[in-house]
Structure formats: C-alpha cells, structure tokens
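Data block below; observations after.
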Ligand SMILES: C[S@@+](CC[C@H](N)C(=O)[O-])C[C@H]1O[C@@H](n2cnc3c(N)ncnc32)[C@H](O)[C@@H]1O
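In my numbering, the protein residues as written are 761 to 973.
Pasting the structure below:
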C-alpha cells in the first residue's frame, strides 16, 4: 500500500504540543508556534489563519492589508496567491525593524506585489498610501487589524473601504476581556454587516465585517 510504513512524522516536529480549546461545544485543536511555514512564527491560531485564507479565496481578494506584520508568519499563508495570482497584492505594516523574518524580506525582494513597510501605519503618509491602494484595487480588499491598537485600526482603516470590502480584527474575546470589545465593533455602524458572525466572531473570536453601504 504505502511506502510510508515506519515513518514517524512526530520525529520531524520539534517541541510538539497540542492544546484543545473548547468553544461553543466545538473543540479547536491548536499546535504550538513551532508549526509554521519555514518556521516563520505567526501570532494567530490555526483556525484564524484558515479564516483569512477562506476570505481571500472565497471573495477573490486582490489586496490584503495586514496591520501588524510581526515576523511575517501570516504572510506565508498567502504566498500561493502572490505567486499564482498576478493581480494579488500584499501590504504589511510593521513598526519594529528587526521583527520581520529575513526569509520574508528575501521573498518580498523578488515579488513586487509583496510590500512590507517598516513604518508606523498611522502616520498620515501611510494612511494616504493605504487609502489610495484600496481605492485603486480592482476587486475585493481585505484588511486585518492586528497591530498595536486594534480598535483604532478598525475605526481608522474601515473608513477607507468600499462596498464589498472586508475587515477583521484580532484579540476579541467573548467575555470582553480582549483588546477589542463589542463597543469597538459597534462604532462601525450600519455601513458594515457581520460576515459569518457565528463562525468568525463567536467561534474564532475574530470579528469580521463586510461593507454593505
Ligand atoms: C500581534 S503582532 C502581529 C502578528 C501578525 N499579524 C501575525 O499574525 O503573526 C502586532 C505587531 O504590530 C506591530 N505594530 C504595533 N503598532 C504598530 C504601528 N503603529 N505600525 C506598524 N506596526 C505596528 C508590532 O510591532 C507587532 O509586531
């Protein structure tokens, strides 16, 4: 049958640790941060990463803006889009210059549609850059608020979005102890509708909205 008999996959995985979180009767199984593309760490749970991939591919996103790139672990999951879709663009902001992994810089240096800005996302120039990039995108834009002030990012960058564009925010916890709370979400007003609320907000704790008017 298989030539893999005797192959011990666990011996390939250093520091393997499985944790199980139960939410709403679902078990979310999480593996520690050692499990990443090229060992570039990502500061999100696996189910949240899958949510980004799902949004990007289901809504045919052409511009993904990651506010807070950190090491670039989130970016690694959109490398297929950057390589295969000539209209797909990634823009990431990271304020700490030594944080982004060198492998990510090497990739970006060869892919002009992968832009990592080592700058404060909130300086007026960058707000203009992002706003202009969104306005000129042919197709859906997806903004992920994951920097140092997520409620402010949600409020600021949501204003640049067009009908059909999508925005998610991280560090939301159902009991309102996270950085992002329901009060922050309500500020979006009725120009935005929750996207898959039961899944993305209530289960993944990553509230997501689509601009509807
Ligand atoms: C939670 S981490 C991002 C995690 C990343 N999205 C991931 O999935 O791995 C937040 C990052 O935002 C960066 N950051 C905080 N404030 C910022 C700002 N004003 N402009 C750009 N980056 C910022 C921090 O240095 C930090 O690396």
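Ideal placement from N, C-alpha and C gives every residue a C-beta, glycine not left out.
In DSSP terms, what residue i is bridged to
i, result
"residue 779", "790"
"residue 953", "970"
"residue 940", "932"
Extent of the continuous alpha helix (DSSP H) to which residue i belongs
i, result
"residue 971", "Per DSSP, residue 971 belongs to no alpha helix (DSSP H); it is in the beta strand (DSSP E), 968 to 971."
"residue 817", "806 to 818"
Under 7 Å between C-beta atoms of residue i and residue j
i, j, result
"residue 944", "residue 911", "yes"
"residue 849", "residue 823", "yes"
"residue 835", "residue 853", "no"
"residue 954", "residue 929", "no"
"residue 876", "residue 860", "yes"
"residue 900", "residue 821", "yes"
"residue 790", "residue 782", "no"
"residue 905", "residue 915", "no"
"residue 918", "residue 926", "no"
"residue 800", "residue 903", "no"
"residue 798", "residue 863", "yes"
Continuous beta strand (DSSP E) stretch holding residue i: start and end
i, result
"residue 875", "874 to 877"
"residue 929", "926 to 929"
"residue 822", "821 to 827"
"residue 908", "Residue 908 -> no beta strand (DSSP E), and no H or E assigned at all."
Sequence-distant residues of its chain with Cβ nearer than 6 Å to residue i (five each side left out)
i, result
"residue 803", "830"
"residue 871", "842"
"residue 972", "953"
"residue 809", "837"
"residue 894", "901, 920"
"residue 947", "915"
Own chain, CB closer than 7 Å to residue i, minus 5 neighbours either side, in chain order
i, result
"residue 933", "965"
"residue 931", "910, 938, 939, 940"
"residue 959", "none"
"residue 936", "942"
Cβ shell of residue i (< 8 Å), same chain only, five flanking positions each side left out
i, result
"residue 880", "853, 855, 886"
"residue 796", "802, 833, 836"
"residue 784", "962, 963"
"residue 897", "822, 823, 849"
Legend entry - Ranges of the beta strand (DSSP E) found wholly within the segment 835 to 917, counting only runs of at least 3: 849 to 853, 874 to 877, 900 to 905
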